[in-house]
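Okay, so here's the structure we're looking at.
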Amino acid sequence: MGRRRKCFGQRGRGLGAVSTEPRPAAGLGVGLFPGTDPSANGPLPEDPVGDSEIQDQERAGHSPGSIGGTVLDHSTEGAHRSGDVHSDAALYAVDALEPEEVRAFEAHLGTCSRCREEVSSFQRTAEGLAEAVAVEPPAELKAQVFRAIGRDSGRETDRDQKRTRHPDRNSETDSSATLYRLETAKARRNRWLLAAAAVILAPGLALGGWSLGHQAGNDGQQVTAERQQEQQRQDDLLAAPDVAVKHISQEGASATVVASRERTDAMFVGSNFTDPGQGKQYQLWLMKDGSPVPDKTFNGGDSSVWLTGNVGDADAVAVTVEPEGGSKAPTSDVMMSTEI
């Protein structure tokens, strides 16, 4: 986390236009991954980009996380800010807003037909999920809940820093009853947010897709046990003290990466990915010291994938289009990426 980030890519070469459409074989290998040879899936290449190039890019007006002005981290973490009342529809639907936020949002509902429609849609989805119906959660519902988790984490960090700077204020002015109410409210909100995230993630875990509970041929008890194990893994990841939630969106496709270095675990939740093409799949990569480490593959549409690699020392997660079954080394440009 405290390390200086390395750029991904060949010296002086940019990513070009980022697209969710599968790329043709010709011309692959230029962009995110240096020295890529589509015909050779041997040892992973060394990253030629060093601190001198980062300084050159900074002098040229580009950020250290970009190549030729193209930003590599496509995440939208922090896009949701408190005060953007339109963005609270999903949280209102799952009862995850604070009392003052509820009052403000309900006042807004009277004048905003779009938010009324969104709340109604989200509530119907939540009811369907609660009844174990195989309903696909709207991508925006996922995104808003995850953004809320990240937003609340930042709020608590700020509050902790203020308490550290002024420890005497708390001891002198806060009664034990007040502290208890604050902690109870915080715990209740966190439980709601984590529960909402768990409900949203549960149908898409890597146990066979969005309709896990309805697959033919699976023994009901075995499916239930597997579901419980995956639910526990989810809960552990979401409850990790260092959990990071990053959002990526490109050309209609969106994804959320939930990662914890402490637990060395990460999950990728993708929505609305186009068909990568015949004989192709999307592949995840963990970027470690500028080199790509191959990870899981997934298909178009909606998917949830647990990464198999150790994220404890990874800098970023990236997505490419690869031959079916995956590659040992990338054979195409990056489609989307985010630091973790």
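The sequence shown begins at 178 in the working numbering and counts up by one.
We put the beta carbon where it would ideally sit given N, CA and C, even for glycine.
Check	Outcome
Going along the chain, which residues of its own chain have a beta-carbon closer than 6 Å to the beta-carbon of Met513, five neighbours each way excluded?	His251, Ile425, Gln427, Val496
To which residues of the same chain is Tyr459 closer than 8 Å at the C-beta, ignoring the five residues directly before and after it?	Gly447, Phe450, Pro453, Thr474, Phe475, Asn476, Gly477, Val496, Thr497, Val498, Glu499, Met512
Could you check whether Val296 and Ala273 sit closer than 7 Å to each other, using their CB atoms as the reference points?	no
Given a cut-off of 7 Å, decide if Leu463 and Ala417 are closer than it, judged by their beta-carbon atoms.	no
Does DSSP classify Leu463 as helix, strand or coil?	strand
Distance check for Glu283 and Cys289, CA to CA, integer angstroms please.	10 Å
What is the rounded straight-line gap between the Cα of Pro507 and the Cα of Thr441?	23 Å
Just the C-alpha distance for Ala436 and Arg280, rounded to the nearest angstrom, thanks.	33 Å
Nearest by alpha-carbon distance to Ser481: which of Glu294, Tyr269, Ser431 is it?	Ser431
Pick out whichever of Asp479, Gly486, Lys457 has its Cα sitting closest to the Cα of Pro471.	Gly486
Consult DSSP for Gln458 and reduce its assignment to one of helix, strand or coil.	strand
Quick one: what does DSSP say Thr401 is sitting in, helix, strand or coil?	helix
Which two residues bound the contiguous beta strand (DSSP E) that contains Glu499?	493-500
Are the CB atoms of Val420 and Thr515 within a distance shorter than 7 Å?	no
Assign Gly489 to one of three DSSP states: helix, strand, or coil.	helix
Measuring alpha carbon to alpha carbon, tell me which residue in Gly489, His285, Gly502 is nearest Glu439.	Gly489
Taking DSSP's pairing of strands, which residues face Gln427 in a bridge?	Ala430
Should Ala443 be labelled buried (16 or more other beta-carbon atoms within 10 Å of its own) or exposed?	buried
What separation, rounded to the nearest whole angstrom, lies between the Cα atoms of Gln411 and Arg291?	32 Å
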